[in-house]
Structure formats: C-alpha cells, structure tokens
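Numbering (the numbering used here), first residue to last: 88 to 406. Have a look at the structure below before the remarks.
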Ligand SMILES: [Zn+2]
Ligand SMILES: [Zn+2]
C-alpha cells in the first residue's frame, strides 16, 4: 500500500507524468500476455486497497460502539449475574423449605386449609404456563407473526398465571388469623416463599425497564455513529481539501492509465467530485466527508487528514 501511495504521490509531484501512460498499454494488440498480467496485478492491488478500507470502516464503527458501551456492559453483566446467582440460590432454599413444610405439617390444623396445597398448585401452574407459552409461541411463529408480538404473548402467557397464583397465596396468608400459631412451619415457610415470589417477579419487571432503556440508547448510539453525531471528526475541513477535476492525470492509475475509483464507495472517479488528502490519497468528497464525521485520519493509510482543532471551534464549523 505504501508503495502504491508512493507511486501515486510521485506521479502527482511529477505533474501528470502518468498521462503518458505505461508504454505496454498504449499499443493494444502487442504484447497481450504482459498486458493481461499487468491488468490483473493492477485490479488485484485496487481490490486489496478497497478491501482494507471497507474492513477499516467496519472495525472503526464497532470500536467506537465498544468504547462507548464496554464499561457499562461489563458493569451491567456483573451486577446482573451476581443478582441472578444470589436470587436463584435463595429461591432454591425458600422453595424447598416451603415444599417440605407442606408435606410434613400439612395435617396440622390451619384456618386457611388451602395453604397446604399452595406449593403443589404453584408447581403445577408453573408447568402449565410453561407449556402454554411454548404452544403460543409455536402457534404464532407458524402464523408468521413478528418476533416482538411472539415475545410479548409468550411473556404474558408465562407471567399471568404465575401472578394470579401469587395473589391467591397472598390472600390466603393475609386472610389467616390463627394458622401462624396452630401451624407455624406451614404458615411462615409458605409466607416466605410467596413474598419471595412477589419480590422476584417485581425485580424481573423492574430490571426489564432499564434493560429496554439501555437497548434503546444502544440503538440511538448506532444511529448517531452512522450520522457521525457526538464524535469529533474533521468533516468540516474536507471542503478545504484540494478538489481534483475528474480528467486530471492524478486520478489515473500510474500502472495502466485507467481512471481510479473511490475505495469507499467503489465508484469510478470519472463521475465524482474528488478530493486529495495531504497523504496524497483520493476519495470522493461525500464519502470522505461522511467518514470524517467521526474520524480524523485517512481511511487508507491512517495519516492525519485534518486536525479538527479545539472543541469550541469544531461546533461553529459544523457542516
Ligand atoms: Zn466515494
Ligand atoms: Zn492516506
């Protein structure tokens, strides 16, 4: 790449020496084997150039996204995983205590006799709602409904039966006046489980909201990256770069004399407004302006295209 840029800059400095063209191509028909080799070499070199630019466009966008979000993603993942681990561990203990209490002390008197069946009922409802939501999701997928409506319906079919069961458990516990003294194990262990279920479901809902907000911000950031907002680049300076007329010898490939193309949009320079970077690389003006909204270096060789200067000057010079 440096060799080709050197050749091009050299040709530019020599004032269009390339317009004379390489001798082998000026006489078609002659020496066609060498001509083909040259053509294939030129086209493969250009392919390498444009591939490296395209790769850089992708890498740069991903890198900016990661820079903006990596600390937050790591923090969120750590807090989330820790919370889930602690809650799962607590849930297992609370569940088995209540289950064991229902089995062992179910025969002792309780003024809310249904309380002894709460755990069994809760497990059954869990299984039924799981199957219901799987059936609903399969049914909606078969009918070609959107991913979002499938997600909403499966979430609802899996959550609503659980919430109804929890509310039933809550009313049993609130409606009891003597069970806590006549059957304390059943009463307190089931109460702990019901309260835990309610707290976990609320946390699930409350955690869902920040997650949705974060996803929204992430999408906005992708959009602003595409439009170049919020990142300081040198787009404002592109208009000051020298414009090269499309028939200029500078835009001809020094090796085969053909007109080069923009390595960002891959369109031939013959139909574009072309600018030259200080590193003597050529791009069409719209492509380089878009690239420079979030960058200051040449997409091809990473030399500085223009210094955007202090932040205050940048805002006044917005394109
Ligand atoms: Zn272009
Ligand atoms: Zn360059």
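Glycine included, every Cβ here is placed at the ideal spot set by N, Cα and C. Note that the structure is predicted; figures quoted are calculated from it, not measured.
**Message:** Taking the alpha carbon of residue 305 as the reference point, which residue from 386, 345, 151 and 147 has its own alpha carbon closest?
**Reply:** Reading the chain shown from its first residue, position 218 is the one you call residue 305. It is 151 whose Cα lies nearest to the Cα of residue 305.
**Prompt:** Quick one: is residue 308 near chain D, going by C-beta distance under 8 Å?
**Reply:** Of the protein chains in the structure, only one exists, and it is not chain D.
**Message:** If you follow the alpha helix (DSSP H) that residue 214 is in, where does it begin and where does it stop?
**Reply:** As a working note, residue 214 is residue 127 in the chain shown. 205-229 is the span of the alpha helix (DSSP H), which, as asked, contains residue 214.
**Request:** Measuring from each Cβ to the nearest heavy atom of ligand 2, keep the ones under 6 Å and list them in chain order.
**Result:** 364, 366, 368, 385, 387, 388 and 390
**Prompt:** Counting Cβ pairs closer than 8 Å, one from the segment 366-384 and one from the segment 339-358, do we hit at least three?
**Reply:** yes
**Asked** Any chance the CB of residue 346 is under 7 Å from a heavy atom of ligand 1?
**Response** In the chain shown, counting from the first residue as 1, residue 346 sits at position 259. False, no ligand heavy atom lies under 7 Å from that Cβ.
**Prompt:** Does ligand 1 have a heavy atom nearer than 7 Å to the CB of residue 379?
**Reply:** Here residue 379 refers to the residue found at position 292 of the chain shown. No.
**Item:** Straight-line Cα distance separating residue 250 from residue 285
**Value:** For the purposes of this step, residue 285 is taken as residue 198 along the chain shown, with counting starting at 1. For the purposes of this step, residue 250 is taken as residue 163 along the chain shown, with counting starting at 1. For residue 285 and residue 250, the distance between alpha carbons rounds to 8 Å.
**Message:** If I measure Cβ to Cβ from residue 44 and keep anything under 6 Å in the same chain, skipping five residues before and after, which residues do I get?
**Reply:** This structure gives no information on residue 44, because the portion of the chain shown stretches from 88 to 406.
**Asked** Among residues of its own chain, excluding the 5 on either side of residue 345, which ones have a beta-carbon nearer than 8 Å to its beta-carbon?
**Response** Within the chain shown, numbered from 1, the residue matching residue 345 stands at position 258. Excluding residues within five positions, the ones whose Cβ falls inside 8 Å are 129 and 339.
**Prompt:** With distances taken between CB atoms, is the gap from residue 185 to residue 258 smaller than 8 Å?
**Reply:** Reading the chain shown from its first residue, position 98 is the one you call residue 185. Reading the chain shown from its first residue, position 171 is the one you call residue 258. Cβ distance not < 8 Å, so residue 185 and residue 258 don't count as in contact.
**Request:** Output the residues surrounding ligand 1, defined as those with a CB atom closer than 5 Å to any ligand heavy atom, in chain order.
**Result:** 349, 351, 352, 371 and 374
**Request:** Scan the segment 370-396 and note each continuous alpha helix (DSSP H) run of 4 residues or more that stays entirely inside, going in chain order.
**Result:** 372-378
**Asked** What's the call for residue 202, buried or exposed, on a 16-neighbour Cβ count within 10 Å?
**Response** The residue labelled residue 202 in the question sits at position 115 within the chain shown. The residue is buried, with at least 16 neighbouring Cβ atoms inside 10 Å.
**Message:** At the level of alpha carbons, what is the spacing between residue 423 and residue 226?
**Reply:** The displayed coordinates of the chain run from 88 to 406. Any statement about residue 423 would go beyond what the structure contains.
**Request:** Take every Cβ of the segment 355-364, pair it with every Cβ of the segment 320-337, and state whether three or more of those distances are shorter than 8 Å.
**Result:** yes
**Asked** Among the residues of its own chain, which have a CB less than 7 Å from the CB of residue 264, if the five just before and after it don't count?
**Response** In the chain shown, residue 264 corresponds to position 177, counting from 1. Counting only Cβ-Cβ distances below 7 Å, and skipping sequence neighbours, we find 198.
**Item:** Distance between residue 288 and residue 248 (C-alpha atoms, nearest Å)
**Value:** Here the question's residue 248 lines up with position 161 in the chain shown. Here the question's residue 288 lines up with position 201 in the chain shown. Each residue's Cα considered, the two are about 12 Å apart.
**Request:** Could you tell me whether the segment 378-387 touches the segment 137-152, where touching means 3 or more Cβ pairs closer than 8 Å?
**Result:** yes
**Request:** For residue 324, I'd like the list of residues in its chain whose CB is within less than 6 Å of its CB, leaving aside the five on either flank, ordered along the chain.
**Result:** Against the chain shown, residue 324 aligns to sequence position 237. Excluding positions up to five away in sequence, the list reads 393.
**Prompt:** Which ranges does the alpha helix (DSSP H) cover as unbroken runs of at least 4 residues, wholly within the segment 290-348, from first to last along the chain?
**Reply:** none
**Per DSSP, cross-strand counterpart(s) of residue 140** = Residue 140 sits at position 53 when you count from the first residue of the chain shown. According to DSSP, residue 140 bridges with nothing at all.
**Request:** Can you have a look at residue 407 and say buried or exposed, based on whether 16 or more other CB atoms are within 10 angstroms of its CB?
**Result:** Since the first residue of the chain shown is 88 and the last is 406, residue 407 is not available in this structure.
**Request:** With a 10 Å radius around its C-beta and 16 neighbouring C-beta atoms as the bar for buried, classify residue 153 as buried or exposed.
**Result:** As a working mapping, residue 153 is identified with position 66 in the chain shown. Burial call: exposed.
**Prompt:** Given 8 Å as the limit, is there contact between the segment 266-277 and the segment 187-197, that is, 3 or more CB pairs closer than that?
**Reply:** yes
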